[in-house]
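Chemist: Structure provided below as structure tokens; questions to follow.
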Amino acid sequence: MFDSSMDPFASESESDTIQYGTPDEDDGGILCDGKQSLGLEFSYASDWRRPHAIREYHQNWMDGIKEASKLKNRAFTILDRGFDSKDVYTIEARHPDTGKLLGFILWNNGTIQYSNFGAQLSRKALNLGVSTKRDDADLVGIHGEGFKVASLVMIRRGYRVRYEASKYYWSFQFGGRDGDILYCKLTRMEGKKLEKQMEEYDAKARSGSARELKANIWEDVTVKIGRVQGKGNKVERADFLRWIKVSLDLDRPSKSIHTRHGSLILDDQFKGRIYLKSLLLEGESALPFKFCYDFCRGEVNRDRQRLSNPREEAKTLAQIWGEAVRLNEAIALPELIELLQANTHWADVNLAEEHISIETAKKIWQRLQDENAEGRRFYYCDQNGDRDIELITKSLQKEPAPLKKATWLALRRFNLISTPEEQGHHLLQNAPETDLPKTPYSKDVERALRCVLALDSRTRDLRLHFRSGANAELDVLLQCSNLLVNDKWLDFQASHEKSPCSLFLEATAERISIDRFSCSHIIKNLHDLVLVELSKGSGTQQNRCSRSEDYLRQLVNEKIDQMPCMVEVVQGEAAGVLEVSWIHVESEKISRLHRLELKGRITMHRESTCADKKSELLALSGASERELPSPEGGGLIENSHQIGSCGCPEKIVSLKDRRAVFHGLSYAEEYFPMVARTDTPAFFALPPNALRPKAPGIDLSGRPAPIQECASPALLAMHEDYDRDGQNGGFENLYDDSNSDEGNMNYDTPLEDSSRRGSVSDGGSDMSRLNGTVGSKSESPASLPHAQSQEDSISQPDDGESQSQHKQLMAEDRQIPNLKAEIEKRKISEDAKDQHLQALKAEVATLRRQLDIQGQQSKQLMETQRELLALQEWELGEAKTELTAQAEALDINERQLEQSKGDVERLQSLLEDLNVKQAANASTANRPGGGQDKAMQALLDEVQQLKQQNKQLTFHLERADEEVRKALDMVGSATRRADASSATAKRKRIRKEYDEDEDALSPLEGAMKRAR
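Start counting at 1 in the sequence shown, then tack on 199, and there's your number in our numbering.
As structure tokens, then:
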């Protein structure tokens, strides 16, 4: 990415003439003066060129100055003096505080000289791989071969290389049998010459003269490259000027930002370069660099090509940019954003999303916000594409502003930026509760949605909230146990904008306002959105539903289509009558197409006792489904109904009939209907407001008006029983049932509570209403005059007998409420007993099932314990077998021990005999007898061997004895544990069986006692 003409590592000219020095004879590698092989062959590092070698010399020069001057953590001052009048190029290294000269670089007449003051060069440095800088992170060289390879490269190109250090000349040249191995020849400076130079230097130092640009061979290190002592090729001036650009110290940039981690260099001529501690690194990276960097820390490979750890390089780059932004935000921040947003994947920001600091990310986000001062833009990741763009434009109503993946991930790492979906969540979550007015349409939508949620165990307990969609365009958001829904779904127009149906199109064309809900697809769409939200939740929440989502969708579609709507209740023409109506399109379609009747249960609940039933959503299978027979010829049985579990009247009718009439309701109560299909689970339709039936009226004559439909069948039945008992005082004709249809009435109709019955002023007494009812139902020509006369005799008594009968009848009438209450109480008591008995039976059945399950589990546990016991017995048998084998081995060892003891005794006897012989021969020790001495020595050696064998045998016997004791202890312990484990397992098994039998019998006995 930079001009190759400026590259110090550019390929050498092919026209250069390569001249090689003549290798000297190998003198055997003498320690002082002599030669030492470096082990480097002529073609080693063949891809290195002269700039690479100069870089190594320069690196060693800088490291040497830092070590000698103890400036490891600080940079010394480099003064580039350039060419003087004598055409000598000088570079000085001085102390940053005192200005003291620490070393220098010279180019003079084809020779380059690097000198470090106060440095030393040991002979070990000639060994390949030896380096004193390996554990010093502030120094560059760590591989221990740099200056040796550099010398090889320069000599290979025809230059001479000579070091002057430690009072020696270190000359590098090829040698060996084939003249292709690099050697170093060490030659000590002549003693008189050395003494003279030292005296001259001491005299100048005593006089206070400044240090000259001259190195001392006894205390400094100097290397000369090029034409040395009249030998070798010269280093050309142009080459020298090009080679010194390997160091930033000698080729300084004009625009840079220095940080603790390195420098960011912005000069165009340096673009694409990487420096380590001011030294240029060569090599191409997988990604291109746009700017130049000088790292303060890092390790390179042996070829000095980039850092050896790419991730460490990316981290260092992120640190450099972070501090550069902090130091010079005006320049660095725009450049960093441009790098992140570029189409080219620059190595400058490689892995920036992993290493960028939060401070830098915040500054990037602030700059993006400043560019979006009007708030029209919404930033998104360009890799998400069309989906995010649609959400931004349609839902958030913003202008999409793409960010590259690198920028997006860097900001997302610290949660500084949100996705369009997350922004929608935020807006909906913080939106206020809906302020839309309650309309029939919105009530039906909410009701249907709540019914759908009740079908799924995952959503049944969610709290439903409708939030204002003025600023929030997200449809649904599931947040913990709260389901937030955009209130646009409560409006016909707004909910159909994205999913218009034929009704919406027709209504829009005709400009008709739709105020009743009939679009089931709205609820189905909402349900799909809720399922999507559930899929984003935790696995625990997802797995709570035992049904598949496909089955759940099918169930929702079916139940929504079969849900009654527009349920209304009105007063009947007669007193105590309420009429319920509804719409159910599905039943009419099924009836016409398939001649099937879809049944519905209509329950007329009392507001005073069952107001909470309005919030019930699902009709479950636990409800009564006793269906009454239809009369001949079909149609409704208007006066027939049954009692629900709550004591309120209910009917099962064909839904296609669209109405049901309830008679005999108390005009002192308010009622509301709950309508649902009998095929459970079914959705309850939205109930209307509670309504009170008409009360009976009074005509102008003061008589109670006829109440044709008010008297309940139960009340008539009580009076019929009363008449048959002969307690009517001769008023049989008053309750004549010859023309009555009481036999067709349902006697399960709930009775009115006496506390809620109307007074005389509200419509007359129960007896008066009864008279009116009977009179109205006995209107045949034969019975009408008789009934009328009886009525007149009751209302207008004119003699004593009639007066007495009237009083008696009134007294009996006053007893009727008590009788009704008693009958109702007994009926409720009987129903409660039946329910309780059913519950007990169910409990007994449940307990029996639990006993069966526990019995199976006990059997399985016993089988498991038997298997474990068998396994323990087998293991015990194996242990006994192993111990038996060890015991046999022990017997063998004991026999060997006895044999060894015999051998020991024999050896001891032999030793005693030998001692006697030695004593006998002591006097002849000085006599000639070499053969006897040799025999004696052999015998002694044999004795020593036998002693050694005796020690070994004794040691082995002791070890064997100890192992036998341990084995016997293990056998005893294993046997005891096995016996104890077997006994414990048996006791536990017996105890568990006893406890399980006792636990199983206790609840069963308790249930039977409660049943009895």
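Cβ atoms here follow ideal geometry from the backbone N, Cα and C, with glycine treated the same way.
Quick caveat: nothing in here was measured; it's all calculated off a predicted structure.
1. Measure the alpha-carbon distance for Leu-661 versus Ala-693 and round it to whole angstroms.
2. Ile-1052: buried (16+ other C-beta within 10 angstroms of its C-beta) or exposed?
3. Cα separation between Arg-322 and Lys-384?
4. I'd like to confirm the pairing. Which residues does DSSP put opposite Gln-306 in its beta bridges?
5. Assign Lys-476 to one of two classes, buried (16 or more other C-beta atoms within 10 Å of its C-beta) or exposed (fewer than that).
6. Is the stretch 550-558 touching the stretch 483-492, taking contact as three or more C-beta pairs under 8 Å?
7. Could you compute how far the alpha carbon of Lys-433 sits from the alpha carbon of Lys-444?
8. For Val-768, is the classification buried or exposed, using 16 other Cβ atoms within 10 angstroms of its Cβ as the cut-off for buried?
9. Can you tell me which of the three DSSP states Ser-617 falls into?
10. Does the separation of the CB atoms of Val-766 and Pro-887 fall below 7 Å?
11. Bridge partners for Asp-856 per DSSP, in chain order?
12. Between the alpha carbons of Arg-149 and Ala-875, how many angstroms are there, rounded?
13. Which runs of the alpha helix (DSSP H) spanning at least 4 residues fall entirely within the stretch 522-553, listed in chain order?
14. Just the Cα atoms here: how many angstroms apart are Glu-291 and Ile-311?
15. Return the bridge partner residues of Pro-872 from the DSSP annotation.
16. Looking at the unbroken beta strand (DSSP E) that takes in Leu-239, where does it start and where does it end?
17. Taking the C-alpha atoms as reference points, what is the distance between Glu-1062 and Glu-1072?
18. From Leu-325 to Leu-237, what distance separates their C-alpha atoms?
19. Inspect the beta-carbon positions of Ile-416 and Met-388 and report whether they are closer than 7 Å.
20. For Ser-747, tell me which candidate among Ile-1022, Leu-654, Glu-1021, Glu-869 has the shortest Cα-Cα distance.
21. Helix or strand or just coil, what does DSSP make of Ile-1052?
22. By a C-beta neighbour count over all protein chains shown, 10 Å radius and 16 as the cutoff for buried, is Thr-1083 buried or exposed?
23. Output the distance between the C-alpha atoms of Asn-583 and Leu-538, rounded to the nearest integer angstrom.
24. Can you say whether Thr-543 is buried or exposed, counting buried as having 16 or more other CB atoms within 10 angstroms of its CB?
25. Roughly how many angstroms lie between the CA atoms of His-554 and Lys-514, to the nearest whole one?
26. Let me know if Phe-282 comes out buried or exposed under the rule of 16 or more other beta-carbons within 10 Å of its beta-carbon.
27. By the DSSP assignment, the alpha helix (DSSP H) with Tyr-400 in it spans what residues?
28. Use the C-beta contact count for Gln-1055: other C-beta atoms within 10 angstroms, 16 or more gives buried, fewer gives exposed.
29. I'd like to know whether the C-beta atoms of Val-524 and Ala-517 end up nearer to each other than 7 Å.
30. Name the residue from Ser-268, Leu-590, Ser-284, Leu-305 whose alpha carbon lies nearest to the alpha carbon of Leu-278.
31. Excluding the 5 residues flanking Lys-893 on each side, which residues of the same chain have their C-beta closer than 6 Å to its C-beta?
32. Which stretch, first to last residue, makes up the beta strand (DSSP E) that contains Ala-267?
33. Check whether the Cβ atoms of Ile-801 and Pro-872 sit closer than 7 Å, and answer yes or no.
34. Is it buried or exposed for Ala-884, if we count other Cβ within 10 angstroms and need 16 for buried?
35. What residues are listed by DSSP as bridge partners for His-664?
36. From the DSSP output, which residues share a beta bridge with Pro-509?
Modeler: Reading it off the structure:
1. Walking along the sequence shown from the start, residue 661 turns up at place 462. Walking along the sequence shown from the start, residue 693 turns up at place 494. Roughly 24 Å separates the two Cα atoms.
2. As a working mapping, residue 1052 is identified with position 853 in the sequence shown. Exposed: under 16 other Cβ atoms inside 10 Å.
3. Sequence index remark: in the sequence shown, residue 322 carries index 123 (1-based). Sequence index remark: in the sequence shown, residue 384 carries index 185 (1-based). Cα to Cα, Arg-322 sits roughly 11 Å from Lys-384.
4. In the sequence shown, the residue the question calls residue 306 occupies position 107. Here the sequence assigns Trp to residue 306, which means Gln is not the residue at that position. Paired residues: Tyr-288, Ile-311.
5. As a first step, residue 476 is located in the sequence shown; it is residue number 277 there, counting from the start. Under this definition Lys-476 is a buried residue.
6. no
7. For this step, residue 433 is matched to residue 234 along the sequence shown. For this step, residue 444 is matched to residue 245 along the sequence shown. About 19 Å.
8. In the sequence shown, the residue the question calls residue 768 occupies position 569. The residue is buried, with at least 16 neighbouring Cβ atoms inside 10 Å.
9. Here residue 617 corresponds to residue number 418 of the sequence shown, with the count starting at 1. Note: Ser-617 maps to coil in three-state DSSP.
10. Position 567 of the sequence shown, counted from the start, is the residue given in the question as residue 766. Position 688 of the sequence shown, counted from the start, is the residue given in the question as residue 887. Yes, these two residues count as a Cβ contact at 7 Å.
11. Mapped onto the sequence shown, residue 856 falls at position 657. Looking at the DSSP assignment, Asp-856 forms no beta bridge with any residue, so it has no partner.
12. This structure does not reach residue 149, given that the chain is present from 200 up to 1211, and the question cannot be answered.
13. 528-540
14. In the sequence shown, counting from the first residue as 1, residue 291 sits at position 92. In the sequence shown, counting from the first residue as 1, residue 311 sits at position 112. One C-alpha to the other measures close to 14 Å.
15. For this step, residue 872 is matched to residue 673 along the sequence shown. Looking at the DSSP assignment, Pro-872 forms a beta bridge with Met-803.
16. Here residue 239 is taken as the residue at index 40 of the sequence shown, counted from 1. Segment 233-240, the beta strand (DSSP E) holding Leu-239.
17. Looking up residue 1062 in the sequence shown gives position 863. Looking up residue 1072 in the sequence shown gives position 873. So the two alpha carbons sit approximately 15 Å from each other.
18. Counting from 1 along the sequence shown, the entry for residue 325 is found at position 126. Counting from 1 along the sequence shown, the entry for residue 237 is found at position 38. Distance between the alpha carbons of Leu-325 and Leu-237: 6 Å.
19. Start at 1 with the first residue of the sequence shown, and residue 416 comes out as number 217. Start at 1 with the first residue of the sequence shown, and residue 388 comes out as number 189. Contact: yes.
20. By 1-based counting over the sequence shown, the position of residue 747 is 548. Here the closest residue by C-alpha is Leu-654.
21. Position 853 of the sequence shown holds residue 1052. Of the three classes helix, strand and coil, the one that applies to Ile-1052 here is helix, per DSSP.
22. What you label residue 1083 is simply residue 884 of the sequence shown in a count that begins at 1. With fewer than 16 Cβ atoms within 10 Å of its Cβ, Thr-1083 is classed as exposed.
23. The sequence position of residue 583 within the sequence shown is 384, counting from 1. The sequence position of residue 538 within the sequence shown is 339, counting from 1. So the alpha carbons of these two residues sit roughly 20 Å apart.
24. Locating residue 543 in the sequence shown gives position 344, where the first residue counts as 1. When all chains shown are included, Thr-543 counts as exposed.
25. Residue numbering aside, residue 554 sits at position 355 when the sequence shown is read from its first letter. Residue numbering aside, residue 514 sits at position 315 when the sequence shown is read from its first letter. Their backbone Cα atoms lie some 6 Å apart in a straight line.
26. Here the question's residue 282 lines up with position 83 in the sequence shown. Classification of Phe-282: exposed, given that the 10 Å Cβ count is below 16.
27. Residue mapping note: residue 400 aligns to position 201 of the sequence shown, counting from 1. From DSSP, the alpha helix (DSSP H) with Tyr-400 extends over 390-405.
28. As a position in the sequence shown, residue 1055 is number 856, starting the count at 1. So Gln-1055 counts as exposed.
29. What you label residue 524 is simply residue 325 of the sequence shown in a count that begins at 1. What you label residue 517 is simply residue 318 of the sequence shown in a count that begins at 1. No, they are not a contact pair.
30. Translated into the one-based positions of the sequence shown, residue 278 becomes position 79. Measuring from the Cα of Leu-278, the nearest candidate turns out to be Leu-305.
31. If you number the sequence shown from 1, residue 893 lands on position 694. Closer than 6 Å at the Cβ level, and outside the excluded window around Lys-893, lie Gln-770, Ala-774.
32. Start at 1 with the first residue of the sequence shown, and residue 267 comes out as number 68. Element bounds for Ala-267: not the beta strand (DSSP E) but the alpha helix (DSSP H), 249-268.
33. If you number the sequence shown from 1, residue 801 lands on position 602. If you number the sequence shown from 1, residue 872 lands on position 673. Result yes, Cβ atoms of Ile-801 and Pro-872 sit closer than 7 Å.
34. Counting from one through the sequence shown, the residue named residue 884 turns up at place 685. By the neighbour-count rule (16 or more Cβ atoms within 10 Å), Ala-884 is buried.
35. Locating residue 664 in the sequence shown gives position 465, where the first residue counts as 1. Answer is Leu-683.
36. Here the question's residue 509 lines up with position 310 in the sequence shown. Paired residue(s): none; Pro-509 is not in a bridge.
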